[in-house]
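Before any comments, here is the structure.
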Amino acid sequence: MTEVVTSSDERTGEEVQQVGHWIGGKPVPGASGRTGPVYNPATGEQTKEVAFASIEEVDAAVAAAAEAFSAWRATSLSKRTETFFRVRELVHDRREEIARILTEEHGKVFSDAMGEVQRGLEVIEFACGIPTLMKGGFSEQAATGIDVYSIRQPLGVVAGITPFNFPAMVPMWMWAPALACGNAFVLKPSEKDPSASIYVGELLQEAGVPDGVFNVVQGDKVAVDAILEHPGIAAVSFVGSTPIARYIYETGTKHGKRVQALGGAKNHMIVLPDADIEMAADAAVSAAYGSAGERCMAVSVVLAVGEVAEPLVEAIKERLPKISVGPGHEEGSEMGPLITGEHRDRVASFIESGREQGATLVVDGRETAPDCDGFFLGVSLLDDVKPDMHCYQNEIFGPVLEIVRTETYDEAVGLVNANPYGNGVAMFTRDGGAARQFQFDVNVGMVGINVPIPVPVAWYSFGGWKSSLFGDLHAYGPESIMFYTGGKVVTARWPDPATSSVNLGFPQTR
Ligand code: NAD
C-alpha cells in the first residue's frame, strides 16, 4: 500500500497518518489545507487525517481522467475484459487487506467486512461480461439496401460520490461497470473512511488499468460541488442520505449531467400470523443489528400482524442478550461500534424519544454498550411503536428495532406504502398466495419473501422507489450499463449505383 506520510497533529501533538488523493495513477497529498479526522470507532481515537480536495484538485482529477479516456475507450472489449479478470483476481486475493481497512475505519466486524468485499466482487465479476452486456441490435434490410444497428458508447468522465457505510462495495457498484463500459472515473468516497478507495486505486493500477482511468478525490461539500458543477463530467452516481441525494440530483441535472442518486431508507418486515416464528425472529435480529444497523437495507421496523406479535417479540427479545458487541477485529464480535460518537448519540436520542412518546423499551442498548471510549451502543428493541412517533418517522441508522403491531395485512402494507422511503421490504409467511399478493401491492424497489435483506444479486439492479432514489436508473446490473453508456442508432447504406437516385422527399421505409 502507498506509504502513508505521518505528521504531527497540532491539536494532540501525536502523529497521525495522512490520507490524500489518487490522481493520474499516483498518490497526491492534499494541498488545500483543509482536512478532516478519521477515527478508529472501536477505540474512539483519531488515527488518520484525510485531506479535503479543493476545486483545483478536483479539476486535476477530471483532467487526468479526460486524458486517459480516449485511449481507454478505444481499447478493445476483449482487452478491457482481460484487464477486468485481473482486477477480479487481485481484489479477490487482497480481500482480507481490504476488509481489515474497513474494520479499522468503519468499525464493522471483520466477517461483515469480508461479506461487503464479496458482494462488491460479484459486481466486478458481472463487469467481466462486458462484451455481452454492451452488445447492440442489428436489423438487416430495414429498408431496401439499408441496415440499422444500435451501439452503446461510454459517456466520458463519470463520477461517484459514496457513503460511509460501504466504503468498498458501493464504490465497486459504480466504478466496475463504469470502467468496463470504457469510461474514466473520479470517486469521492466518504470522508469518514477514505483509505479503502486509495488501496483499490493501487490494485487497479497493478491489474493494468491505465493511469488516470480511475481517480480518487477525498473531501466534503467543496469537492462534491466541484464535481456537480464540472463541465468535464458527464454523469454522477451517488449513494447516501435522502436530503443529500435530492441535492445531488437537482444540482447535477441542473448542470446537464445524467444523475442517479440513491437515498436513505426505512425498511419494514411484515410478519403474518402463519409465519415460522423462529425463522422470522432470526431474520429480524440478523437484519436489524448486523453492521450495527448501519445498512440501507437493514430492517428497522417489524410489522407484526395479529396474534403473531406476542410470541414474535418474545422470540426476538430472547435472542438479544446473546449478541456479542465488541471491536470488529476481535474474534467473536458480532456487532461493532457506530461510525462516530455524534452518530451514536443521535441513535441513542431516538431510543429516548421512543420511550418518551409511549413506546415500550423492551431492551435498552444504552445500558449494555461496552464500557470504553469506542462509539458503541448495545442493541435496542422498542415495542408498541406508533406511526406518528419521531422514532418511526426517521431513518435511525443504528441498532434499534421497532415493533409496530397491526391488526391486518392491509394495515401493514398500507403503512409500508405510506412511508416516504421505498428501498427494501420483506414479508414472512408460509402462504404463497399472500406472498404473491404482497409483491403486487407493495411500492418498494427491493422485495424479500422470507428473505430479510433482499439485496439483488449482481446481475439484477439495485435501487429503491420514492425518496430512496432520485433518477431513473438503478445501480449495478443491466441498468448500470444503460446509465454509463449512451445509445446510438446507425442507419447505413453501402453505395450501390443500381439503387441510387435523387429524391428530396422525407426518407421512408421501403
Ligand atoms: P451522507 O448523505 O451524509 O454522505 C454521502 C456522501 O455525500 C459522502 O461522500 C459525503 O461526503 C457527501 N456529503 C455529505 N453532506 C454533503 C453536503 N451537504 N453536500 C454535498 N455532499 C455531502 O450519507 P452517509 O451518512 O455517509 O451514509 C448513510 C446514508 O446513506 C443513510 O441514509 C443510508 O440509508 C444511505 N445509504 C443508501 C444506500 C442505498 O443504496 N440507497 C446505500 C448505502 C447507504
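One gets this note's numbering by counting positions in the sequence shown from 1 and adding 959 to each.
C-beta: ideal position from N, C-alpha, C; glycine also.
Candidates 1452, 1391 and 1121: which alpha carbon is nearest residue 1102's? 1452
What ranges does the beta strand (DSSP E) occupy inside the region 997-1082, keeping only unbroken runs of at least 3 residues that lie completely in it? 1004-1010
Using a Cβ-Cβ cut-off of 7 Å (strictly less than) and excluding sequence neighbours within five positions of residue 1364, which residues of its own chain qualify? 1263, 1268 and 1343
Which two residues bound the contiguous alpha helix (DSSP H) that contains residue 1213? 1201-1213
For the region 1166-1181 against the region 1085-1099, do three or more pairs of beta-carbon atoms, one drawn from each stretch, fall closer than 8 Å, so that the two count as touching? no
Determine the closest residue to residue 1408 out of 1424, 1385 and 987, with distance taken between C-alpha atoms. 1385
What do you reckon, is the C-beta of residue 1200 under 7 Å from a heavy atom of the ligand NAD? Relative to the ligand NAD, the beta carbon of residue 1200 is positioned inside 7 Å of a heavy atom.
Where residue 1132 falls: helix, strand or coil (DSSP): helix
Could you give the residue range of the alpha helix (DSSP H) that holds residue 1243? Note, residue 1243: alpha helix (DSSP H), 1236-1248.
Could you tell me if the beta carbon of residue 1176 falls within a distance shorter than 7 Å of some heavy atom in the ligand NAD? no
Below 8 Å between beta carbons: does that hold for residue 1404 and residue 1418? Contact flag unset, no.
Can you list, in chain order, the stretches of the alpha helix (DSSP H) that have 4 or more residues and sit fully within the region 1381-1453? Qualifying alpha helix (DSSP H) stretches, in chain order: 1391-1400 and 1436-1442.
Residue 1254, DSSP secondary structure in three states: coil
N-terminal and C-terminal residue of the alpha helix (DSSP H) that residue 1098 is part of: Element bounds for residue 1098: not the alpha helix (DSSP H) but the beta strand (DSSP E), 1097-1102.
Sorted by chain position, which residues of the same chain lie with C-beta nearer than 8 Å to residue 1083's C-beta, five sequence neighbours on each side aside? Hits under 8 Å: 1043, 1046, 1047, 1050, 1131 and 1135.
Starting from residue 1090, trace the beta strand (DSSP E) both ways and give me its first and last residue. Here residue 1090 belongs to no beta strand (DSSP E); instead the alpha helix (DSSP H) covers 1089-1092.
Under the rule that 16 or more other beta-carbon atoms within 10 Å means buried, what is residue 1255, buried or exposed? buried
Consult DSSP for residue 1304 and reduce its assignment to one of helix, strand or coil. Helix.
Can you determine whether any heavy atom of the ligand NAD sits closer than 7 Å to the C-beta of residue 1442, and answer yes or no? no
Can you tell me the Cα-Cα spacing of residue 1355 and residue 1349, whole angstroms? 10 Å
Any heavy atom of the ligand NAD within a distance shorter than 7 Å of the CB on residue 1203? yes
Applying the criterion that 16 or more other CB atoms from any shown protein chain within 10 Å of the CB defines a buried residue, is residue 1067 buried or exposed? buried
Assumed close pair residue 1090, residue 1036 - CB separation to whole angstroms, cut-off 8 Å: 4 Å
Span separating the alpha-carbon of residue 1234 from that of residue 1376: 21 Å
If distances are taken between C-alpha atoms only, which option among 990, 1380 and 1347 comes closest to residue 1011? Check the Cα spacing between residue 1011 and each of 990, 1380 and 1347: the tightest is with 990.
Where residue 1187 sits in the DSSP three-state scheme: helix
In the DSSP assignment, find the alpha helix (DSSP H) that holds residue 1268 and state where it starts and stops. 1268-1278
Should residue 1301 be labelled buried (16 or more other beta-carbon atoms within 10 Å of its own) or exposed? exposed
Cβ-heavy atom distance between residue 1255 and the ligand NAD below 7 Å? yes
Would you please state the rounded distance, in angstroms, between the beta carbons of residue 1112 and residue 1444? I believe it to be under 8 Å. 6 Å
Using the beta-carbon count (16 or more within 10 Å), is residue 965 buried or exposed? Note that residue 965 scores 46 on pLDDT, short of 50, meaning its location in the model is unreliable; the coordinates nonetheless yield the value given after this. Exposed is the call here.
Can you tell me whether DSSP reads residue 1118 as helix, strand or coil? strand
Exposed or buried, residue 1463, counting other C-beta atoms within 10 Å across all chains shown (16 or more means buried)? By the neighbour-count rule (16 or more Cβ atoms within 10 Å), residue 1463 is not buried but exposed.
Per the contact definition of three or more C-beta pairs closer than 8 Å, is the region 989-1007 in contact with the region 1323-1343? Counting Cβ pairs under 8 Å, three or more are found: they touch.
Would residue 1178 and residue 1161 qualify as a contact pair, given that the criterion is a beta-carbon distance under 8 Å? no
Per DSSP, which residues does residue 1365 bridge with? Please list them. 1264
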